[in-house]
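Residue numbers (the working numbering): 990 to 1289. Report on the following structure.
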Amino acid sequence: MELQQDERTAAGRCQPITVRQGAFEFSPDTPAHWIPGKAEFAQMVNGASFVMPHLEPFLVATLGEAMQWIEDPDVRREARDFCMQETQHYRTHRRFNDLLLAQGYCRLAEVEADMAAAYRRLAKLPLGRRLAYSAGFEAMTLGLTRWLVSNRTELFTGADRQAVSFILWHMVEETEHKLVAHDVYQAVTPSYWRRAFGVLHGSIDVIRWSRRCYIALLEHDGRWRKWSSRLRVWYWAARFLGGAGPSLLRALVPGHDPRRERNHPWVDQWIAGYARISAAGKIKAMPLIDTASPAMPVPF
Ligand SMILES: [Fe+2]
Ligand SMILES: [Fe+2]
């Protein structure tokens, strides 16, 4: 017997996805080093931010194209909402990145041109390969979110509130749509080996582009050639791999289902808090996380 929408959601088959405006008002003088004492880590996050306006339109185009092959109306609706969320993400990243470009990081334009060409080439791959890449990247974001949220006070104390709230908003929504790319892949072209290859392809490719971007940022800062800076980059890269690695390994297991990946409680509190204030009226600007607070609670 076919489950009704409410029953499917309650059973965990589908998960509601809320499309929120990326309503962050970045100050034009938002510093590139927006985390006190952690210039390298800030530039590594900025490097990933520069990848998003290239990666996320690719994800939107891929899942959008797949929609015609999805028979389950719930999965089709989730794919549509995923595309709307990701569109908000890359538009907001574009605004944030443009602030950094305006501060003189012009070498990023060269890396962005290479990225644009690379994603144009990726877009020519068969749909199954592109869906596997998309699901693979989304698997990595789950581990990354858990790591960033669990360590938010260590990582972001005293940091720019707009930047922290923006990055964690994106991460919360990555958790919220954690099922979609996997479900669409399974609905359209369920093959284990292609999916496993996609986990490696999607994650390694995005890490590689993020790295090219943060190297360009750190070269501009005059830090990339310094051993002390390079050691800090390696330290953060190792921490990141330790955080995202377990999710990636689980995604490689046959029969993997992101429904088994548990949300961090802070993420669930953020989603519930936003729902509470949005029910009370229109939200003009996203409430900001208090980065001076020792607990850094959700901002609702
Ligand atoms: Fe996203
Ligand atoms: Fe995503």
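Ideal placement from N, C-alpha and C gives every residue a C-beta, glycine not left out. Just so it is clear, the structure is predicted and the values come from calculations on it, not from any experiment.
Secondary structure at L1120: helix, using DSSP grouped into helix, strand and coil.
Placement of the Cβ of Q1010 at a distance of 8 Å or more from every heavy atom of ligand 1 is found. Here the alpha carbons of L1088 and V1188 stand approximately 32 Å from one another. Rounded to whole angstroms, V1177 and F1186 show a C-alpha spacing of 16 Å. Set against 8 Å, the gap from the CB of H1159 to the closest heavy atom of ligand 1 is smaller.
For ligand 1, no non-hydrogen atom lies closer than 8 Å to the CB of Y1108. The continuous alpha helix (DSSP H) containing H1209 extends over residues Y1181 to D1210. The nearest non-hydrogen atom of ligand 1 is 8 Å or more from the C-beta of Y1122. In this structure M1104 is not in contact with H1078, their Cβ atoms being roughly 16 Å apart against a cut-off of 8 Å. Look at the region 1019-1103 and you find these whole runs of alpha helix (DSSP H), each 4 residues long or longer: 1028-1055 and 1062-1091. In the same chain as T1280, and ignoring 5 residues on each side of it, the C-beta atoms closer than 7 Å to its own belong to F1145, T1146, G1147, A1148, R1150 and V1153, in chain order. Leaving aside the five residues that flank Q1258 on each side, the residues in its chain whose CB is nearer than 6 Å to its CB run, in chain order, V1287. Here I1260 carries a helix assignment [DSSP, helix/strand/coil]. Burial check for C1202: the Cβ neighbour count within 10 Å reaches 16 or more, so the residue is buried. For R1239, the enclosing alpha helix (DSSP H) begins and ends at W1216 to L1241. Between ligand 1 and the CB of H1078, the shortest heavy atom gap is smaller than 8 Å. Closest in C-alpha terms to F1047, from the list D1061, M1073 and A1227, comes M1073. In chain order, E1029 and R1212 place their CB closer than 6 Å to the CB of S1218, counting only its own chain and leaving out the 5 sequence neighbours on each side. A1284: not part of any alpha helix (DSSP H); DSSP gives it neither H nor E. Residue list for ligand 2: E1075, E1127, T1130, E1163 and H1166 (CB closer than 6 Å to any heavy atom, chain order). The three-state reading of DSSP puts Q1175 in helix, counting H, G and I together. A residue is called buried once 16 or more other Cβ atoms fall within 10 Å of its Cβ, and T1081 is buried on that count. Below 8 Å, enough C-beta pairs join the region 1003-1023 and the region 1155-1164 to call them touching: three or more. Taking R1083 as the centre and dropping the five residues before and after it, the same chain places the C-beta of P1042 closer than 6 Å to its C-beta, in chain order.
Under the three-state reduction of DSSP, S1016 is assigned to coil, being neither helix nor strand. The straight-line gap separating the alpha-carbon atoms of N1035 and S1180 is approximately 34 Å.
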